[in-house]
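Whatever position you read off the sequence shown (first residue = 1), add 138 for our numbering. From the three backbone atoms N, C-alpha and C, an ideal C-beta is built for every residue, glycine too.
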Amino acid sequence: MGRLVVVGSLNMDLVVRVPRLPAPGETILGGQPRHVGGGKGANQALTCARLGAEVTMLGSVGRDENGERLLAGLQAAGVDVSAVQRLAGETTGLAIIAVDDRGANNIIVSPGANLATSPEYVDLQRRRFAEADAVLAQLEIPLETVTRAAGLAKSLGKLMVLDPAPAAPLPDALYALVDLIKPNEIELAHLTGLPTRTLAEAETAARRLLARGAGRVLATLGAQGALLVEPAGTLHVPARQDVQVRDTTAAGDSFTAAAVRLLLDGHSLAEAARFAVAVAGVVVSRPGAQSSIPDAAEVAALMPPRPA
Ligand code: RIB
């Protein structure tokens, strides 16, 4: 069992199913609204905990009903939320999500309290970082906070994993602090300015991130699966073809978390990538973000034997 600190966002997701995603300026009718726990940080923390890791969530919510519900959901999954800030005068992050009949989505995030997750708050969490084996961050909190967290993780000799979502330009100083970066194909294109439609294009773009200082790149490529790019070689893991896609929300989050879960157990990155593809295949077959995430018992069959 490994110990993980997740520094990231907590959002309440307001989800509406639509027959198709609206064009700019268009109004369409959708189904019943549903509130589902979300936020890339919280989704990844919850997935790792459901898969058996010991997880501490660091981040911020408002002192409101959505914040309470999110924390209760994480706690029920076994995540330690005792260090999450509950801030008076801030509103818990909210994501407005439309999901179409093919499972594709549009997401608008109103970050609210997530933006109050400051570098100074990270400094106060040094003990929690020191006790962890790995630190995982995303980009729904301020970039300077992510950089501070990565610097602290690195100075303490921890594995630092970055899920660069949503995409934002990153300084080279941050790449140099990251052992593993996990962009999807759109983020990889944003980060590099290069096309990522084919496997060859994605590999070229991923190698650009290695050149900027990232340790290794594990990119998700939608229906093409995942691509692990290391200085010494490249591995393509195809996506499962037997999956009926209902909702791709949190597919990337569950992928990242599943990969980290295996790394915490001492598995190779290649095994982690295969496992992550399998877990994401389960998540896209179910509706919602945290509501779609399987538990350890469900994915036991997908899990490779623990390394000796
Ligand atoms: O990755 C999916 C998540 O993105 C949603 O849960 C939403 O809250 C946004 O953070």
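For ligand 1, any of its heavy atoms closer than 7 Å to the Cβ of residue 238?
No, since every heavy atom of ligand 1 falls outside the 7 Å radius drawn around the Cβ of residue 238.
Which runs of the alpha helix (DSSP H) spanning at least 4 residues fall entirely within the stretch 170-249, listed in chain order?
You should have 178-188, 203-214.
If you run the structure through DSSP and keep just helix, strand and coil, what is residue 294?
Correct three-state label for residue 294: coil.
Does any C-beta atom of chain D lie closer than 8 Å to the C-beta of residue 212?
The question asks about chain D, but that chain is absent: this structure has only one protein chain.
Does the beta-carbon distance from residue 363 to residue 375 come in below 8 Å?
Yes; because the gap between Cβ atoms is below 8 Å, this pair is in contact.
Would you say residue 323 touches ligand 1, meaning its beta carbon is less than 7 Å from a heavy atom?
For ligand 1, not one heavy atom lies less than 7 Å from the Cβ of residue 323.
Can the beta-carbon of residue 146 be found closer than 8 Å to that of residue 178?
Yes, the pair counts as a contact, with Cβ atoms nearer than the cut-off.
Would residue 316 and residue 329 be called neighbours here (beta carbons separated by less than 8 Å)?
For residue 316 and residue 329, no; Cβs fall outside 8 Å.
Grab me the residues of residue 187's own chain with a C-beta within less than 8 Å of its C-beta, minus the 5 sequence neighbours each way, in chain order.
The residues are 193, 212, 215, 216, 217.
Work out the CA separation of residue 220 and residue 290 for me, nearest whole Å.
If you take the alpha carbons of residue 290 and residue 220, they lie about 20 Å apart.
So residue 373 packs on residue 414, CB below 8 Å; how close in whole Å?
12 Å between Cβ atoms; not a contact.
Regarding residue 245 and ligand 1, is the C-beta to nearest heavy atom distance less than 7 Å?
Indeed, a heavy atom of ligand 1 lies less than 7 Å from the Cβ.
Using the C-alpha atoms, what's the distance from residue 263 back to residue 123?
Residue coverage of the chain in this structure runs from 139 to 446, which leaves residue 123 outside it and unanswerable.
Span of the alpha helix (DSSP H) holding residue 417?
Taken as a continuous stretch (DSSP letters only), the alpha helix (DSSP H) holding residue 417 covers 407-421.
Taking only heavy atoms of ligand 1 into account, decide whether any of them is closer than 7 Å to the Cβ of residue 403.
Residue 403: no, Cβ never under 7 Å from ligand 1.
If you drop the 5 nearest sequence neighbours on each side, which residues of the same chain put their C-beta closer than 7 Å to that of residue 433?
The residues are 188.
Give me every residue whose Cβ sits closer than 5 Å to any heavy atom of ligand 1, in chain order.
Residues with a Cβ closer than 5 Å to any heavy atom of ligand 1, in chain order: 149, 151, 176, 177, 178, 233, 388, 391, 427.
If I follow the unbroken alpha helix (DSSP H) through residue 390, where does it start and stop?
That run of the alpha helix (DSSP H) goes 389-402.
Which first and last residues belong to the alpha helix (DSSP H) in which residue 368 is found?
Taken as a continuous stretch (DSSP letters only), residue 368 belongs to no alpha helix (DSSP H), being part of the beta strand (DSSP E) at 364-368.
What is the DSSP secondary structure of residue 378, reduced to helix, strand or coil?
Correct three-state label for residue 378: coil.
Compare the C-alpha of residue 419 against each of 392, 444, 438, 256 and name the closest.
Closest option to residue 419, Cα to Cα, is 392.
May I ask you to list the residues that DSSP assigns as paired with residue 306?
BP columns for residue 306 are empty, so no partner.
So what does DSSP say about residue 151, is it helix, strand or coil?
Note: residue 151 maps to strand in three-state DSSP.
Which two residues bound the contiguous beta strand (DSSP E) that contains residue 272?
Per DSSP, residue 272 belongs to the beta strand (DSSP E) from 272-275.
With distances taken Cα to Cα, identify the nearest neighbour of residue 345 among 359, 368, 335.
Nearest C-alpha to residue 345: 368.
Would you kindly work out how many angstroms separate the C-alpha atoms of residue 448 and residue 358, rounded to a whole number?
Residue 448 is absent from the model: the chain starts at 139 and stops at 446.
Could you give the first and the last residue of the continuous beta strand (DSSP E) run that contains residue 158?
No beta strand (DSSP E) contains residue 158, which DSSP labels as neither H nor E.
How about residue 271 and residue 294: are their beta carbons less than 8 Å apart?
In this structure, residue 294 does not lie closer than 8 Å to residue 271 by Cβ.
For residue 354, which of 366, 306, 343, 360 has the nearest alpha-carbon?
If we check each option's Cα against that of residue 354, 366 comes out closest.
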